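A.B. asks: The following block contains the structure, expressed as C-alpha cells.
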Amino acid sequence: MPMPVLSVEQRNKLERTVVEARDVAEAGAKAALEALAVHHHEPYSHMTPEQRRLRNHLRARARQLGDRQDQRGKMEITHLIQEWAYEHWHRMLFARFLAENDLLIEPEMGVAVSLEECGELAQEEGTDLWTLASRFAQQMLPQIFRPDDPVLQVTFAREYQLKLEQLLNDLEPGIFKASDALGWAYQFWQSKRKKQVNESGNKIGADELPAVTQLFTEPYMVNFLIHNTIGAWYAGKVLAENPQLAGQAESEEELRRAVALPGVTWDYLRFARSGDGEGPWRPAAGTFEGWPQRAAELKILDPCCGSGHFLVATFYHLVPIRMAEEGLTAREACDAVLSDNLHGLEIDERCTQIAAFALALAAWTYPGAGGYRPLPGLRIACSGIAPNTKKENWLALAGDDERLRNGMARLYDLFREAPILGSLIDPGSALENNLIEAGFDELRPLLEKVMSAEKDDYEQHELGVAACGIADAVQILSGRYHLVITNVPYLARGKQGAGLKNYLDTHHARSKQDLATAFIERNLMLCLEGGSTALVTPQQWLFQTGYSKIRKKLLRDLRWELLAILGEHAFRSSEAAGAFPAIYVCSKLLPKDNHLFFSINVSERSSACDKDLYLQHASLNKMQQISQLKNPEHIIITNTFSGFRVFGDYADCYQGISTGDNPRFCIKFWELPSILPGWERFQTPPEETQYYGGREHLIRWEERASIQELGAIRGKNAWGKWGIVIGVDCQ
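Convert by adding 67 to the 1-based position in the sequence shown; the result is the number in my numbering.
Listed below in C-alpha cells is the structure:
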C-alpha cells in the first residue's frame, strides 16, 4: 500500500502554493526577527527581559546556522530567516498532512482530531486553528521540531499568518494523501532559489549546494532499483526453494506473480533465462549472494536521502518480507524495519526532517499497523552540519577530559567543511581509532548532558545541539551496509566551488569530473564486502573521455549487475531539463572473466511515461564485463555493436586551433585584396551539414607568433590531410 501519486494538476497547484508560501514566510520571518532586534547590535530599549533572552537565543541559533556578526555587533540573519520560514511553514504543512490522514493527535486525550475539531478546541483556548494544529504536530514530532527551538517560540505578524493559512487551506485534501507530495513540496520550496543560483553562473558553495542538487527522483526509478536489488534477492530465495518454477515458468509476469507479496507486485523486477537463454529463469540482476539470508539482518543506507523517497519505498517493500519471513504483525514489522534496516543521511538538515516525517507517516498509515504510536528512533541524520564556532569553544563542551577533548577535536576537523561535503566525509580514514573506539561511545551521553545542563548558556546549548547531530552522522557514516541506494547529486567540475573541487582532487582523483561519480566511489566505500550499490546517475560517465579512469576501476574491481540507460526526458520535472540519467547496480565483488550482466536501453523513448513502461518489458541485452574493459578508453557499449571494431580504429579525431579571441585574429578573406604575408587560410566548422563550407576565414598566423599567448594550437597531425570538419551546436 503506498499512497497514490500526485496528478499533474495537483502537482502544479502544490508548486504555485509552495513557491508563494516561501516568499510570504521569509518576509514574515524578516519582519519578526527585526522586531526583536536580532539583526541589531543591541536590544531595543522597550524590550522585556523575556524578549531579550529570546533575542540572545536567536542570535546564538543564527551563528550556528552560519550567519556572521561584525565587530559592532550587527548580525547578518539570512540563514536564520530561511530557517524560520521553513520551520513555521512546514510545521503547518505537516499538521495538515497528519489531519488529512486522521493522525493529528490531541496530546491530553491521546486521540486523533479532525481540523474541524481542532478549530473548536482552538476557540476554547483563545487561539487559532493552525497555531493549535501546529503545536499538536510539534509535540508528535520531537525528532523533527526541537521543543526548545527558539525559532518556534515566536509567531508571525497576523497578516503573514493569515496569508499562509489561506495558501494551506486552498490545497485540496487529496494532495495530502499522495505518496510523493512531501518530496515535491521540498523541491518546490527550493525551486526559486535553484533557478537564481543557476542563472547567476557562480561557482556552487555551501549555501547553494542543497538547492542546486535537489532533484525529486521519479517513482519508477526508485521502484526499478528496489525491485532489482531487494526484489531480486528475495526472488532468488523463492526460486531456490522452488526450482521447478525457475525451470517451467513461461514468462516474467508469471514469475512476478509467484514472488508477489501483499501490497508488493514487483512490476519492475526483471528476469532472464540462464545459460544460452534456454536455461532456468533467474533475476536479471543476480541474487546478491553476498547479502544475509534473512531480511532482519539487512542494513540499507541512502546517503543522499533528500525527502526520504528511497527510504519510504524501501520500507513498503521490506515490511511484507519481514512479515512473511518472521511471522510478525504489520505493527511489529514496521517497527522492526525502522529499528534494524533503514539508515539515511542528507547534507540539507531540512531534508532530513522531511524524510523523518515521511517515514513516520508511512509507518502510521501502513495497513493494520494501528495508526499513530511512538516509533523507534529513526536512523536519519544530517551529514552537512558544521561546528560554526572557534575550536576552543567547541572543545569546551568536553570539559577537562583529555580523551573526550581529543574526540571533539577530531569531530571539529572532520566536519568543518561538512556543508559542502556531506556524506563524502569518511570518518574511517580521518578519525583512526581514537574517536570510533575510544571516545565515540562516551561523546553522545556527554553532549546530551551539555544540552540539558546549558539551557541558559545559549551559545553552548546550540553548540551541543549541533554536536549531537554531528555525532549521529558519524555513527551512520562509520557503518557499513549491504545495500547503498540513492539518486546521487549531479554537479559538473566546472560548477564546483574551490572547497569541493580541492577535496575531490585529494580524495576522489579518479572521479572528480562530477560530484555524481565521486559519490559512486564513496557509496562503494560504505558497502560491506559483498554488498551492493544501486544508483541513479548521469549517464555521461559511461562513455565520455574524462571518466575513463573511474570506468576502468569499476569494470576491473567490481561486479556489474544491471545497467539501464534512460536518456533525456526521464524526469517529469522541468527542473531536470537536460539531464540524461542512467541506473547502475554493482556489487563489491571481483568479477570473474566470464561474468555477464544485463543492460536495458530506453533512451529513444521520448517521455518518462514511455521509459517507465519499457523498463518493465523491454528486451535485455547480455553483456560480458571483461569485453567492456577492452573497449577503447573502457567506454560502455550497450548495443549490438559490442565486440565489433569502433570508429576510432579507422580514424583520428582532433580538436582544432582555438585562438582565444577570434575577432582579434580572424577575418573574412574578402576583407583583404589578397592573402598577404602573415595570414593563412583557416578552416572552421560549417554552420550546417554540407559538402563544402567553413572556408571563408583567414587567420593572422605569423608562424604562430600572434596567437601564441592567448590561443591553443592543436590538431597538427591533421594538417594537410583529408577529413571531415565537425562543429558542436551548444543549443
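Where a beta carbon is used, it is the ideal one built from N, C-alpha and C, also for glycine. Treat the numbers as computed from the prediction; the structure is a model and nothing was measured.
(1) My output table needs one value for Pro71: the three-state DSSP class, helix, strand or coil.
(2) When the Cα atoms are used, what is the spatial distance from Leu182 to Asp467?
(3) Within this structure, are the beta carbons of Phe203 and Pro174 separated by less than 8 Å?
(4) Mind checking Ile742: buried by the 16 CB within 10 Å criterion, or exposed?
(5) Are there three or more Cβ pairs, one per stretch, closer than 8 Å when the region 538-547 is compared with the region 210-228?
(6) For the alpha helix (DSSP H) that contains Ala325, what are its first and last residues?
(7) Please go through the region 230-284 and give each complete alpha helix (DSSP H) segment of 4 or more residues, from N-terminal end onward.
(8) Go ahead and pull the three-state DSSP assignment for Ala34.
(9) Threshold first: 4 residues or longer. Then list the alpha helix (DSSP H) segments lying entirely within the region 717-762, N to C.
(10) Give a yes or no on whether the C-beta atoms belonging to Ala425 and Tyr383 are separated by under 8 Å.
(11) If you follow the alpha helix (DSSP H) that Cys829 is in, where does it begin and where does it stop?
(12) Which stretch, first to last residue, makes up the alpha helix (DSSP H) that contains Asn24?
(13) Would you call Glu469 buried or exposed, if buried means 16 or more other Cβ atoms sit within 10 Å of its Cβ?
(14) When you compare only the Cα positions, how much space is there between Leu591 and Pro730?
(15) Within the continuous alpha helix (DSSP H) that includes Ile587, where are the two ends?
(16) Go ahead and pull the three-state DSSP assignment for Gln360.
(17) With which residues is Leu412 paired in a DSSP beta bridge?
(18) Let's test the definition: count the other Cβ atoms within 10 Å of the Cβ of Tyr721 and tell me whether it reaches 16, buried, or not, exposed.
(19) Return the residue from the list Ser674, Pro740, Arg626 that minimises the CA-CA distance to Leu696.
(20) Since Trp348 sits in a beta bridge, which residues does DSSP pair it with?
(21) How about Ser74 and Tyr253: are their beta carbons less than 8 Å apart?
(22) Does the pairing of the region 442-449 with the region 415-425 give three or more beta-carbon distances under 8 Å?
(23) Starting from the Cα of Ala273, find the closest Cα among Asn455, Pro110, Ala245 and give me that residue.
(24) In the structure shown, what three-state DSSP assignment does Asn473 receive?
(25) Could you have a look at Ser599 and say whether DSSP puts it in helix, strand or coil?
(26) Are three or more beta carbon pairs between the region 290-309 and the region 338-354 nearer than 8 Å?
(27) Ends of the beta strand (DSSP E) at Asn123?
(28) Closest to Asp407 by CA distance: which of Val386, Thr396, Ile414 is it?
(29) Who are the Cβ neighbours of Pro494 in its own chain at under 6 Å, not counting the five residues just before and after it?
(30) Determine the burial state of Leu234: buried for a count of at least 16 other Cβ atoms within 10 Å of its Cβ, exposed for fewer.
(31) Quick check: the Cα distance between Pro370 and Arg577, rounded to an integer number of angstroms?
(32) Give me the Cβ distance between Tyr664 and Gln692, rounded to the nearest whole Å; I'm assuming they're in contact under 8 Å.
(33) Suppose you measure from the CA of Glu724 to the CA of Ala785; what does that come to, to the nearest Å?
(34) Which same chain residues, not among the five before or five after Ala327, have their C-beta less than 7 Å away from its C-beta?
(35) Just to confirm the assignment, what range does the alpha helix (DSSP H) spanning Arg389 have?
(36) Check whether the region 192-208 and the region 127-142 are in contact - that is, three or more C-beta pairs closer than 8 Å.
C.D. replies: Taking the coordinates as given:
(1) coil
(2) 52 Å
(3) yes
(4) exposed
(5) no
(6) 319-326
(7) 248-267, 276-280
(8) Only positions 68 to 798 of the chain appear in the structure, and residue 34 is not among them; the question remains open.
(9) 729-732
(10) no
(11) This structure cannot settle anything about residue 829, because the visible part of the chain is limited to 68 through 798.
(12) It is not possible to answer for residue 24, since the shown part of the chain is limited to 68 through 798.
(13) exposed
(14) 49 Å
(15) 582-592
(16) coil
(17) Ala448
(18) exposed
(19) Arg626
(20) Arg340
(21) no
(22) yes
(23) Asn455
(24) helix
(25) strand
(26) yes
(27) Unbroken run through Asn123 is the alpha helix (DSSP H), 116-132; no beta strand (DSSP E).
(28) Val386
(29) Val541, Leu544, Ser545
(30) buried
(31) 20 Å
(32) With the sequence shown as reference, residue 664 is identified as Phe, and Tyr is not the correct amino acid for it. Correct: roughly 6 Å between the Cβ atoms.
(33) What sits at residue 724 in the sequence shown is Ile, not Glu. Spanning the two alpha carbons is a distance of roughly 11 Å.
(34) Trp333
(35) 376-393
(36) no
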